[in-house]
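Its first residue numbered 3, the sequence shown is counted upward by one per residue in the working numbering.
Every residue, glycine too, gets a C-beta built ideally from N, C-alpha and C.
Below is one structure, written out as structure tokens; comments come after it.
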Amino acid sequence: MGTINSIICAIISALFTVFWAHMSRRKTRVTIYCMENALLTQRPNVPGLAVFVKYENTTSIENLWRICYMLKNTGNQNIVGEGNQSSLVTKGHGLPLYTRNIKQIIQISATDNSIAELKDNTLYFKQWLPDECITIEALVESAGEKPELYIDKRDIINAKVIVKNNINK
């Protein structure tokens, strides 16, 4: 009877150890939340009525969108942006932001954060701690479809990138 109890305790202990090792594994994960994706210029279906938007009084904009994304470190480890220990493939040259269905970016900024600086569609940061967020807001001209902003999981070493739509429909 004592031997059976010892075996059961050993099995439970081994299972708990394996479970704990799996759960406490270091994970690099960024979740991208689409917070806003709004078409600001919509052509009315009224014969003879023309509506247009101009940027800096010269460039005509046809499909002006306001987009807002929140990038959150949802992993359990720091993402290092600079130095020899950088988590970025570019090793100190920032984390590029990529676009889909965007003809031109009129204005883009990283707002409400002291984590990162945004230059030339690239995020520069020293360390991005777990649960910290970076908010990106932009005015863009769409190439016809809904514009999107994203990061490539291959730009962060051993990372998983998850995209979620947080817009109430």
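Reduced DSSP category for residue i - H, G, I as helix; E, B as strand; rest coil
i, result
"Asn7", "helix"
"Ser144", "strand"
"Ser88", "coil"
"Leu131", "coil"
"Leu97", "strand"
"Leu17", "helix"
"Ala40", "strand"
"Arg102", "strand"
Residue i: first and last residue of the uninterrupted beta strand (DSSP E) it sits in
i, result
"Thr61", "Thr61 to Ile63"
"Lys29", "Careful: Lys29 lies outside any beta strand (DSSP E) and carries neither H nor E."
"Asn123", "Where Asn123 is concerned, there is no enclosing beta strand (DSSP E), given that its DSSP letter is neither H nor E."
"Arg68", "Leu66 to Asn75"
"Asn55", "Per the sequence shown, residue 55 should be read as Val rather than Asn. Element bounds for Val55: Val55 to Tyr57."
"Val163", "Ala161 to Asn167"
"Leu51", "Neither: Leu51 is in no beta strand (DSSP E) and is coded neither H nor E."
Residue i burial status per 10 Å Cβ neighbour count (16 or more: buried)
i, result
"Thr30", "buried"
"Pro149", "buried"
"Ala12", "exposed"
"Ala52", "exposed"
"Leu17", "exposed"
"Gly94", "exposed"
"Asn47", "exposed"
"Phe127", "buried"
"Ile9", "exposed"
"Ile104", "buried"
"Asn59", "exposed"
Close Cβ partners of residue i (< 6 Å) along its chain, the five nearest in sequence each way excluded
i, result
"Trp67", "Leu41, Val142, Ser144 and Pro149"
"Ser89", "Ile81, Val82, Ile158 and Ile159"
"Glu134", "Asn75 and Ile117"
"Thr5", "none"
"Lys56", "Ser62"
"Arg102", "Glu150"
"Asn123", "Leu99"
8 Å CB neighbourhood of residue i in its chain, flanking five on each side removed
i, result
"Asp154", "Pro98, Tyr100 and Val163"
"Pro132", "Asn75, Thr76, Gly77, Asn78, Gln79 and Asn80"
"Ile169", "Cys36, Met37, Glu38 and Asn39"
Residues near residue i in its chain [Cβ-Cβ closer than 7 Å; skip 5 each side]
i, result
"Glu139", "Cys70, Ser111 and Thr113"
"Thr33", "Lys74, Thr76, Ile164 and Lys166"
"Ile136", "Leu73, Ala112, Asn115, Ile117, Ala118 and Leu125"
"Gln109", "Ala140 and Leu141"
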